[in-house]
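Throughout, this note's numbering is defined as the position within the sequence shown, counted from one, plus 4. Where a beta carbon is used, it is the ideal one built from N, C-alpha and C, also for glycine. Note that this is a predicted model, so its numbers are computed, not measured. The structure appears right after this line, and notes come after that.
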Amino acid sequence: MMSRASRLLGWLILAAITAATIAPIGYRPVSAMPVSIERFSAFAALAFLLCLGYPRHRWQVLLLTAAAAGALEALQLLEPTRHGRVADFLVKVVGCGCGAAASLAAGLVWPRLVARGEA
Numbered sequence: 005m006m007s008r009a010s011r012l013l014g015w016l017i018l019a020a021i022t023a024a025t026i027a028p029i030g031y032r033p034v035s036a037m038p039v040s041i042e043r044f045s046a047f048a049a050l051a052f053l054l055c056l057g058y059p060r061h062r063w064q065v066l067l068l069t070a071a072a073a074g075a076l077e078a079l080q081l082l083e084p085t086r087h088g089r090v091a092d093f094l095v096k097v098v099g100c101g102c103g104a105a106a107s108l109a110a111g112l113v114w115p116r117l118v119a120r121g122e123a
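Written out as structure tokens, the structure is:
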């Protein structure tokens, strides 16, 4: 069940990231956080959820999420009000790596907590 929910949420986050990334800048959601933190957090959450949803395919998920980051940065070049940058791509890739690593850690710790009755 958790795997199914993680998969669904992961794909929904990818859809939301895609919409926010390739839409004209006026439609971009605004928050009080710096944009680099937003980028990092979005891709960390994406990789975390998809790695939880597909635990036997973590490397493939990491490659998929990094490729999605690159593709979305490239697609921004097609929208006149947006700009794709290598620095933005790198922030997103680091987020992917951290999210994938966090899912690995969660996958190692969670079963032990459940076995002890602490979760």
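Going by Cα to Cα distance, which pick from the options is closest to residue i?
i, options, result
"L76", "R120, L12, R43", "R43"
"F52", "G88, A27, K96", "K96"
"C102", "L13, I29, L67", "L67"
"P3", "A109, G111, D92, R120", "Residue coverage of the chain in this structure runs from 5 to 123, which leaves residue 3 outside it and unanswerable."
"I17", "V34, A72, M6, Q64", "A72"
Identify the continuous alpha helix (DSSP H) that holds residue i and give its terminal residues.
i, result
"M6", "6-26"
"I41", "39-57"
"A73", "62-80"
Assuming the contact rule is C-beta atoms closer than 8 Å, residue i and residue j should be a hit. Round their C-beta distance to whole Å, please.
i, j, result
"A24", "R32", "6 Å"
"A48", "I21", "Rounded, the Cβ-Cβ distance is 11 Å, inconsistent with contact."
"L94", "G88", "Not really, about 12 Å apart at Cβ, beyond 8 Å."
"G111", "P59", "6 Å"
"R127", "L12", "A question about residue 127 goes unanswered here, because the residues of the chain that appear run from 5 up to 123."
With DSSP collapsed to three states, give me the class of residue i.
i, result
"V34", "coil"
"R86", "coil"
"G101", "helix"
"G111", "helix"
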